[in-house]
Every structure is written in structure tokens, then in C-alpha cells.
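Mind the numbering: the sequence shown is residues 481 to 547 in this note's numbering, read in order. All residues carry an ideal CB built from backbone N, CA and C; glycine is no exception. Here the structure comes first, spelled out in C-alpha cells, and everything after it is commentary.
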Amino acid sequence: MCMPHILRRVKLFEAIVRVQDLKKTFRTSGSILQTIMGKGEQIRAVDDVSLDIMKGEVLGLVGESGS
Numbered sequence: 481m482c483m484p485h486i487l488r489r490v491k492l493f494e495a496i497v498r499v500q501d502l503k504k505t506f507r508t509s510g511s512i513l514q515t516i517m518g519k520g521e522q523i524r525a526v527d528d529v530s531l532d533i534m535k536g537e538v539l540g541l542v543g544e545s546g547s
């Protein structure tokens, strides 16, 4: 026999958003020649970030400038 109250509790712990191994880089714009050739310094903004947002959780993400 199924127990609905137990199923409800289990569903509370389901991740509704899952991010795994997130990476983001930006290429700086150097000289015009570097831009044309696709070269320039790469800045790593995010490296290997993983997170789960569970049902009922609220997440706030603030950048370096506060935005």
C-alpha cells in the first residue's frame, strides 16, 4: 500500500534545477589583429561549479559589482 505522506516528503528533496561542472570564459579584446585572428587573453569567470536547487529553496546570486 502506498503512503502519500511519505511520497510528499520524498518529492520535497528533488532538485528542480541541477547544474554540473559549469565553466564560463570570456575572451578579452586585444588589438584589432588579435580580434580578427580570434586570439586574446581568456578570462575564466566560472570554473567547475555544480549546484542543486531544491524544491522550495530560493537562491540569490550577486556579482562582484553587486548586480
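Could you tell me whether the stretch 498-507 touches the stretch 529-537, where touching means 3 or more Cβ pairs closer than 8 Å?
Judged by Cβ distances under 8 Å, the stretch 498-507 makes contact with the stretch 529-537, as three or more pairs qualify.
Cutting at 8 Å between CB atoms, please list the residues of its own chain near Glu494, excluding the five before and the five after it.
Here the set comprises Met534, Lys535.
Kindly list the residues whose CB is nearer than 7 Å to the CB of Ala525, restricted to its own chain and excluding five residues on each side of it in sequence; keep chain order.
For Ala525, where only same-chain residues beyond five positions count, the Cβ hits under 7 Å are Lys504, Thr505, Phe506.
In its own chain, which residues sit with a C-beta less than 8 Å from the C-beta of Gly520, not counting the 5 before and 5 after it?
Arg507, Thr508, Ser509, Gly510, Gln514
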